[in-house]
Each structure stands twice: as C-alpha cells, then as structure tokens.
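Engineer:
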Amino acid sequence: MATPLVEMKDMCISFGGVHAVDHVSVDLYPGEVVGLLGHNGAGKSTLIKMLSGAYQADSGDILVDGKKVKIESPRDARAHNIETIYQTLALADNLDAASNLFLGRELTTKLGFVDEHAMEAETRKIMGKLNPNFKKFHAPVKALSGGQRQSVAIARAVYFNARILIMDEPTAALGPHETQMVAELIKELKAQGLGIFLIDHDVHQVKALCDRAAVMKNGKVVGIADVNKVSADDLLGMIILGKCPPGVTPGPGAISDDEAAA
Amino acid sequence: MSDDTLSGPKAPTARNLFAALQLDTRLLGMIGAFVVLCLAFNFVTGGNFLTPRNIFNLTIQTVSVAIMATGMVFIIVTRHIDLSVGALLATVSAIMAVTQTQFLPQVVGLELGHPLIWVLAIVAGVIAGVIIGAFQGWMVGYLGIPAFIVTLGGLLVWRNVAWFITDGQTIGPLDETFKMLGGIDGTLGETWSWVLGVLAVLVAVLLQFNNRKRAQSHDFPVKPLWAEGVIAVVTVAAILGFVATLNAYEIPLPRLKRMFADAGETLPEGLTMGYGIPYSVLLLIAVAVAMTVVAQRTRLGRYIFATGGNPDAAELSGINTRFLTVKIFAIMGGLCALAGAVASARLGFSTNDIGTLDELRVIAAAVIGGTALAGGVGTIYGAILGALIMQSLQSGMAMVGVDAPLQNIVVGIVLVFAVFVDILYRKRTGD
Ligand SMILES: Nc1ncnc2c1ncn2[C@@H]1O[C@H](COP(=O)(O)OP(=O)(O)O)[C@@H](O)[C@H]1O
Ligand SMILES: [Mg+2]
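First to last, the protein sequences are chains A and B. Heads up: the first sequence runs through residues 1 to 262, numbered per our numbering. Heads up: the second sequence runs through residues 1001 to 1431, numbered per our numbering.
1) In whole angstroms, what separates the C-alpha of R1258 of chain B from that of A1128 of chain B?
2) By how many angstroms is the C-alpha of I1055 of chain B removed from the C-alpha of L1240 of chain B?
3) Name the residues in the region 14 to 40 of chain A whose C-beta lies less than 7 angstroms from a C-beta of chain B; which are they?
4) How big is the Cα-Cα spacing for K1010 of chain B and G1229 of chain B?
5) Taking the C-alpha atoms as reference points, what is the distance between E188 of chain A and R78 of chain A?
6) Between which two residues does the alpha helix (DSSP H) harbouring D1358 of chain B extend?
7) Using beta carbons (cut-off 8 angstroms, strictly below), is F113 of chain A in contact with chain B?
8) Here's the rule I'm using: 16 or more other beta-carbon atoms within 10 Å means buried, otherwise exposed. How should L1415 of chain B be labelled?
9) Find the residues of chain B that neighbour S45 of chain A, judging by a C-beta separation of less than 8 angstroms, and give them in chain order.
10) Identify every residue that forms a DSSP beta bridge with G195 of chain A.
11) Since C1038 of chain B is in the alpha helix (DSSP H), which residue starts that stretch and which ends it?
12) Leaving out the 5 sequence neighbours to the left and right, which residues in its chain are closer than 7 angstroms to S1344 of chain B when beta-carbon positions are compared?
13) Taking only the alpha-carbon atoms, compute the straight-line gap between I196 of chain A and G1378 of chain B and give it to the nearest angstrom.
14) Could you compute how far the alpha carbon of D1004 of chain B sits from the alpha carbon of W1226 of chain B?
15) In three-state terms, what does DSSP make of P246 of chain A?
16) Check C12 of chain A in the structure and name its three-state DSSP category.
17) Taking Cβ-Cβ distances shorter than 9 angstroms, what residues in chain B pair up with E72 of chain A?
18) Go ahead and pull the three-state DSSP assignment for S59 of chain A.
19) Can you list, in chain order, the residues of its chain whose CB lies under 7 angstroms from that of T1062 of chain B, leaving out five sequence neighbours each side?
20) Confirm, please, whether the CB-CB distance from V206 of chain A to G35 of chain A is below 8 angstroms.
21) Which residue wins for smallest C-alpha separation from T1298 of chain B, given the options A:F102, A:N218 and A:M181?
22) If you check the beta carbons only, do A92 of chain A and A1313 of chain B fall under 8 angstroms apart?
23) Specify, as a first and last residue, the run of the alpha helix (DSSP H) that H204 of chain A falls within.
24) So, for V26 of chain A: in the same chain, excluding its five sequence neighbours on each side, which residues have a beta-carbon less than 6 angstroms away from its beta-carbon?
25) Just by C-beta distance, which residues in the region 1213 to 1240 of chain B are closer than 9 angstroms to chain A?
26) Just to confirm before moving on: does the CB-CB distance between E83 of chain A and L165 of chain A stay below 8 angstroms?
27) Whose C-alpha, out of B:G1309, B:L1246, B:A1383 and B:L1335, is nearest the C-alpha of P1052 of chain B?
28) First and last residue of the alpha helix (DSSP H) that includes R1299 of chain B?
29) Below 7 angstroms between beta carbons is the criterion; list the residues of the region 94 to 119 of chain A that meet it against any residue of chain B, in chain order.
30) I need the DSSP call for T1266 of chain B, collapsed to helix, strand or coil.
31) What residues from the region 1309 to 1321 of chain B come within 8 angstroms of chain A, judged by C-beta to C-beta, listed N to C?
32) Measuring only the C-alpha atoms, how far is L1143 of chain B from I1067 of chain B?
33) Is it the case that the region 1124 to 1141 of chain B contacts the region 1323 to 1332 of chain B, given that we only count it when at least three CB pairs across the two stretches are under 8 angstroms?
34) CB of S1280 of chain B to nearest heavy atom of ligand 2: below 7 angstroms?
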C-alpha cells in the first residue's frame, strides 16, 4: 500500500503526572477518514493537538508522507497543510467571517496592507460553496448561529488547500440539518483525496463516515478497527470496557481476556 | 424632510435614511453627547465656551492625553492595562529635557538653539519610551506577570526614575524650537492651515471614492450615491470648519507687534493674523492616522483585535501573542514620549509632577471612547473623542467656576455612567 499521509508513532504527553496520551500510534492515508473514539478525557483532543501544533509531544515521532517532521507550533502544522477545526471553535468572536477565515494568513495589497476587499470576495466565494445561505459577511461571528460559525471554521480549514484535516467533534453543537451538511462535506473532501481525522461521539456516524476507527481509553489505544468489520455495539464495547472484538488487534489500552472475564 | 406634504409614500423614512448612511451609531451617540455638552457649557457661560479662543485652548490641552489614549486602545483591546503611562511620560520628559539642555550643549557641543537639538531630543525620548515600553511588555508577554502589576510597579519606578534623572529639579527653559510643539508658540498660520485643510479634504474625498470603487469592482453592495454625498459634505464641512475656527483665533496685538519687531519689520496698520493649526495638533492628527491605519489595515492591527477577542484562537492561528504584547507596550512607550514632548513643551519646562494622574485620564479617555475592558473592541477616533470630552468637561466646569474637587467628582461619575450607557447600547445592538 502507499505511504501514509500521516503517521503518529508512539506519541506521549503528560500534564503534571497525568499521562493524557500514552504511547499512541495511529496513521492516516490519503482519501481516508479515521475516526477517533473514546470517553471524555480519553485523550483524543490532546492527541490531535500534538499534530496541529497546539501542544508539543513529550516523545514520539510524526511522519508526513513518510518523512519525519517537527511540529512545534500551529504555523509548522499549517506549513505541512495540516488544518484543524478545534472542538472549542477557535474563532475570534469580535471579528467578521473574512477576518477569521484569513486570521494569521491575511491577503495583502502590494504595499503590504491588509486587503479587506479581496478577503471578503474570497470568503463570499468559498461560503457560496459550503453554505449558500450564509449572508452575514459583515457581522462579528458572535452574532452567527452555531452552524454558521461552524461553517466559518470549516471554510478556514479547507480554504488553504488542506491535505490533512483534523475535525474535533465538528457536529457537537449542531442541529440535525447542519450535522447532515457537515457529513456531506466530509464525504466530498474525502473524495478529493484529503485525509481526515474525525473525533466524534456518535458511533453510528463514525460507522457511516469513517474507514477505520481508533478507540482510546485513559490515553491509550484500545484498538484500531475497520468499521465495516465491527458492529456499533463492538465499538461501544471498546469505548466503555476497553474490550477488543475478535479480528481487531488489541492495542496497549485493551484489557486482556482474563481481565475481561474477572 | 421638514415638509411632510412633499414626501410621497415612497419617500424614505428617517429610519432607513439612517440605515442607508451606514453610520457608526455609537460614534454618532458620542458626537451627540459631546455637542450637547459644548452647547450646555456655552449657554451657562454666556457664549464664552464656544469661542475660537477657548476651542483653540481645549484642542491643545487635549493633545497629550489623546496621543497616549490611542496607544491605550491597543493595550486595553488585548485585555491588558497600562497604569504607568503618566510616570513613563515623566521619565521620558526628563530624558528629553536633560538631552536638550545639558547633554547636547555640554557633552556633544551643539550651541544652544541649534536646529538639530529639538529633533535629537525627541528621538532620544522616543527611543527611551519604546525600550521601557518593550521591557514592560516583555514582562507581561514572556514572564506572564499581569500587566496590572507590571505597570503598577512601573508607575512607582518611572515616576521616581524621573526624579533621579533631574535630581528633583525642574529642568528648563527648554529649547525654543522644541517649545513650538507645545501649542500656542507653534502654529501653522492662516495660509498654511487652509492649504492643509484643503489637502485633507481632497484626501478624504479621494479615499471615500476609492473605497466605493473597490467595493463595486468586487460587486459588493454599496451605499446609495446620495448617502455618500451626505457623508462627503459633512466630512468636508467638519474639516474646513475646524480650520476656520482655529484661524479665527487672532494673535493678540502686542504679541503680533513683537513678532514683527523680532523679524525687523513694523506691523502694518490694521493687520490681524490668526493662529491656525498648532503643530501639536498636527502631531496628534499624524498619530491618529498612523494608529488607525495600523488598527485597520495591517496584520499587526488584525492580530491585536483577534488576540483581544480570543487569545487562544489567535495563538492557534499561528499568531505570536507574546511578541505582540511586547510590540503593543513598545508602541505605548513611544507614544508616551511624543505626549511628553508636547506636555513639557507646553509648560516650557520639565517638572517633577508632569503627567501626574495622566494614566487615569488616558484610560478614562479610551474607555469613554468605547474601548471595552473585556478586550477585542475599541477605536482610535473614539479614544481621541473620549479625551476631548473629558477635557471639555474639565475646562467647562472650571470656566463655570466649579471647584476642583467637585470637578473630579463629576468626571468620575461621568466615566462610570459612560461605561454603563455603553453596556446598555451593546446589549441592545447585540455586539
Ligand atoms: N492543557 C492541559 N493541562 C492539563 N491537563 C490537560 C490539558 N489538556 C488535556 N489535559 C488532560 O488530558 C486528558 C485528556 O483530555 P482530552 O484530550 O481533552 O480528552 P478528550 O478530547 O478525549 O475528551 C484529560 O485528563 C485532561 O484533563
Ligand atoms: Mg476533546
């Protein structure tokens, strides 16, 4: 098989003695959606924050296209076309959609001044594709609905030619209609060949959208399953009990059969 | 609009007339409050408040605080505070005073009155201000000490560093050219004031036109032409009215005679001359324009507002918020130096108590001008207007004969009330 787009090998990070992520290895191929599942506090957000440059790993290697890379800041991650939609939407509430979309990567005129008009024009274009109902281009994003805000966050991630997209619970705050919209978008981006890490609590949604699912518990990987080979209940068993169904290679976080029997 | 019979059913209502102008209602409210204040004082003083002379004085009294208030906007927008600006002003004033009266003449050997003295003094002051500001910003950004504490310490430190620099003496008289920055001793005169006014009008109209054209080229919605026209007319009237007022303040006869005598001429019979725009006001305008451009048209400005709105989001977007903090405090320090130059030039001396309590005036000006202490919101023009409102209130009350203690009580109440009104306004408009 081709080289993975991203490999995270043996990642560890702890906060004051708490092993938030403990020897975790996952990988992601082009055109693949890998779901990350687990209870609150399992370490999912922390894991992907090491990939997005928000946190620095204590140990472990990150490989992009098979080459080892150093990701020490969000800028480094962006330089490798890794884009992130954070769980708590990382938007500046007081700024409008265009300012948020281009935050840190503003378009400038020849003289080096911020080109508001060009940014607004680009924002109108991409929002026209992602969310044609979006009209509030001049309002600060705090005046927008949850779905509209989410589409700004998504637009920001996809506008800059992301190859690797990280979505941390992108539908948690959305209604059913908007959730559906995000699901369609994930399928479309996947078809374009992006690799996507999708953190989600809904096992059915994970089964519908993802190719593989990595389940975490207490900072460790329970197992990584092909979603077509396991049932939703199997996934729940992995999440809640840490018990791997047959056919899934148990990871460091899986309980052994004896423990399960006890 | 006054004649109802002329307005058919399709005539715009007052409400959508306003909407078409797309004005900043908050700014309008502040201007409205300011106008009411001026008219009230003018009424109570029997027409003495809105004389060219008083407007001229008000303007030059506002400059120093207004210059610093523009920097305070950036500080407060990023959720910090700077309590040290008055003390910092004293330190840099002392440095500038010592540079021009002692260092340059005695150590470097420039004779008194040398044309380079004033520039070099200001450059020295700005450099010192920027370094001190950057140092405070570094402690806030990189060491993580709250700005409140760093600058509270700074207030004590810089006030007394100033004392050490001058040995507690009043330093002066200052360089003659330098003193022209103070206001009354340095003005453009009528002709150049008009030239500048007309230039400003041209630039303003051109900018407005350009903005409209660019918006149209992107197919964005634009205001109706008549609305642009109204705005242009108001802008032009405001600029030219301001120039006319400052020109209308006539130089007193004895002073005019002296000026002519100094130039070796005699004053022609019946000649009068107006002061025109003071250099200090030019400096304020330059600072206001530069700071507005930074706020609205540069990445630095964007990052300042983004960081104020959501520091984590700014960080995750790759913005170096620590270094940003250093830059903001450095800008504040540089502006303190410019404000200090104006303040000491106005006095003709650098005194020990120069800038005392200015930190409070500056913060109040920024806050009355709509800068939110919660961060993320504020404008440069608002802060300048805030400084003007504060100064008008103070001078107006002094003119009416209100005792100093009562003046301060009123200013304090107005500050709290202004913020309360602003909170109500924001609640209502939802932003
Ligand atoms: N910045 C931090 N400081 C201290 N502890 C943290 C930090 N970030 C995460 N943690 C801890 O790491 C663990 C994993 O958290 P997180 O990755 O947010 O879980 P999940 O996203 O799976 O719900 C939790 O115990 C959390 O308290
Ligand atoms: Mg999480």
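All C-beta atoms, glycine included, are put in the ideal place defined by N, C-alpha and C. For clarity, every value in this text was computed on a predicted model and none was experimentally measured.
Structural biologist: Looking at the coordinates:
1) Within the second sequence, residue 1258 of chain B is the residue found at index 258, counting from 1. Within the second sequence, residue 1128 of chain B is the residue found at index 128, counting from 1. Straight-line spacing of the CA atoms in R1258 of chain B and A1128 of chain B works out to 37 angstroms.
2) Here the question's residue 1240 of chain B lines up with position 240 in the second sequence. Here the question's residue 1055 of chain B lines up with position 55 in the second sequence. Taking the Cα positions, L1240 of chain B is about 15 angstroms away from I1055 of chain B.
3) Those residues of the region 14 to 40 of chain A that come within reach of chain B (Cβ to Cβ, closer than 7 angstroms) do not exist; the list is empty.
4) Stepping through the second sequence from its first residue, residue 1010 of chain B is reached at position 10. Stepping through the second sequence from its first residue, residue 1229 of chain B is reached at position 229. For K1010 of chain B, the pLDDT reaches just 45, beneath the cut-off of 50, and the residue's location in the model is therefore unreliable, leaving the point undetermined.
5) For the purposes of this step, residue 188 of chain A is taken as the residue at position 188 of the first sequence. For the purposes of this step, residue 78 of chain A is taken as the residue at position 78 of the first sequence. So the alpha carbons of these two residues sit roughly 21 angstroms apart.
6) Walking along the second sequence from the start, residue 1358 of chain B turns up at place 358. Bounds of the alpha helix (DSSP H) holding D1358 of chain B are D1358 to I1368.
7) Position 113 of the first sequence holds residue 113 of chain A. At a cut-off of 8 angstroms between beta-carbon atoms, F113 of chain A makes contact with chain B.
8) In the second sequence, residue 1415 of chain B corresponds to position 415, counting from 1. In this structure L1415 of chain B is buried. Its beta-carbon is surrounded by 16 or more other beta-carbon atoms within 10 angstroms.
9) Within the first sequence, the letter at position 45 stands for residue 45 of chain A. In chain order: nothing, as chain B lies at least about 12 angstroms away.
10) Here the question's residue 195 of chain A lines up with position 195 in the first sequence. Paired residue(s): A:I164.
11) One-based indexing of the second sequence puts residue 1038 of chain B at position 38. Unbroken alpha helix (DSSP H) run through C1038 of chain B: T1025 to V1044.
12) For the purposes of this step, residue 1344 of chain B is taken as the residue at position 344 of the second sequence. For S1344 of chain B, where only same-chain residues beyond five positions count, the Cβ hits under 7 angstroms are S1093, M1096, A1097, L1174, S1350 and I1354.
13) Looking up residue 196 of chain A in the first sequence gives position 196. Looking up residue 1378 of chain B in the second sequence gives position 378. Note on geometry: alpha-carbon atoms of I196 of chain A and G1378 of chain B lie some 39 angstroms from one another.
14) Translated into positions along the second sequence, residue 1004 of chain B becomes position 4. Translated into positions along the second sequence, residue 1226 of chain B becomes position 226. Its pLDDT being 39, under 50, D1004 of chain B is placed unreliably in this model, and the value from its coordinates should be taken loosely. If I take the Cα positions, the gap works out to 20 angstroms.
15) Residue mapping note: residue 246 of chain A aligns to position 246 of the first sequence, counting from 1. If DSSP states are grouped into helix, strand and coil, P246 of chain A belongs with coil.
16) The sequence position of residue 12 of chain A within the first sequence is 12, counting from 1. Looking at C12 of chain A - three-state DSSP - the assignment turns out to be strand.
17) Position 72 of the first sequence holds residue 72 of chain A. Correct list: empty, because the minimum Cβ distance to chain B is about 11 angstroms.
18) Counted from its first residue, the first sequence places residue 59 of chain A at position 59. In this structure, S59 of chain A counts as strand in the three-state DSSP scheme.
19) Within the second sequence, numbered from 1, the residue matching residue 1062 of chain B stands at position 62. So the list reads A1387, L1388 and Q1391, once near-sequence residues are dropped.
20) In the first sequence, the residue the question calls residue 35 of chain A occupies position 35. In the first sequence, the residue the question calls residue 206 of chain A occupies position 206. In contact: G35 of chain A and V206 of chain A (Cβ atoms closer than 8 angstroms).
21) In the second sequence, the residue the question calls residue 1298 of chain B occupies position 298. Comparing Cα-Cα distances from T1298 of chain B to each of A:F102, A:N218 and A:M181, the minimum goes to A:F102.
22) Counted from its first residue, the first sequence places residue 92 of chain A at position 92. Counted from its first residue, the second sequence places residue 1313 of chain B at position 313. Yes, these two residues count as a Cβ contact at 8 angstroms.
23) Residue 204 of chain A sits at position 204 when you count from the first residue of the first sequence. First-last of the alpha helix (DSSP H) with H204 of chain A: V203 to L209.
24) Sequence index remark: in the first sequence, residue 26 of chain A carries index 26 (1-based). Excluding sequence neighbours, V26 of chain A sits near M8 and A214.
25) The region 1213 to 1240 of chain B vs chain A, Cβ under 9 angstroms: R1214, A1215, S1217, H1218, D1219 and F1220.
26) Position 83 of the first sequence holds residue 83 of chain A. Position 165 of the first sequence holds residue 165 of chain A. In this structure, E83 of chain A places its C-beta atom within 8 angstroms of the C-beta atom of L165 of chain A.
27) The residue given as residue 1052 of chain B occupies position 52 in the second sequence. When the alpha-carbon of P1052 of chain B is set against those of B:G1309, B:L1246, B:A1383 and B:L1335, the nearest one is in B:L1246.
28) Position 299 of the second sequence, counted from the first residue, corresponds to residue 1299 of chain B. Residues R1299 to G1309.
29) Listed in sequence order: N94, L95, S99, L103, G104, E106, F113, V114 and H117.
30) In the second sequence, counting from the first residue as 1, residue 1266 of chain B sits at position 266. T1266 of chain B falls in the coil class under three-state DSSP.
31) Those residues of the region 1309 to 1321 of chain B that come within reach of chain A (Cβ to Cβ, closer than 8 angstroms) are G1309, N1310, D1312, A1313, A1314, E1315, L1316, S1317, G1318 and I1319.
32) The residue labelled residue 1143 of chain B in the question sits at position 143 within the second sequence. The residue labelled residue 1067 of chain B in the question sits at position 67 within the second sequence. Roughly 28 angstroms separates the two Cα atoms.
33) With a cut-off of 8 angstroms, the region 1124 to 1141 of chain B and the region 1323 to 1332 of chain B count as touching, because enough Cβ pairs lie within range.
34) Here residue 1280 of chain B is taken as the residue at index 280 of the second sequence, counted from 1. Distances taken from the Cβ of S1280 of chain B to the heavy atoms of ligand 2 include none shorter than 7 angstroms.
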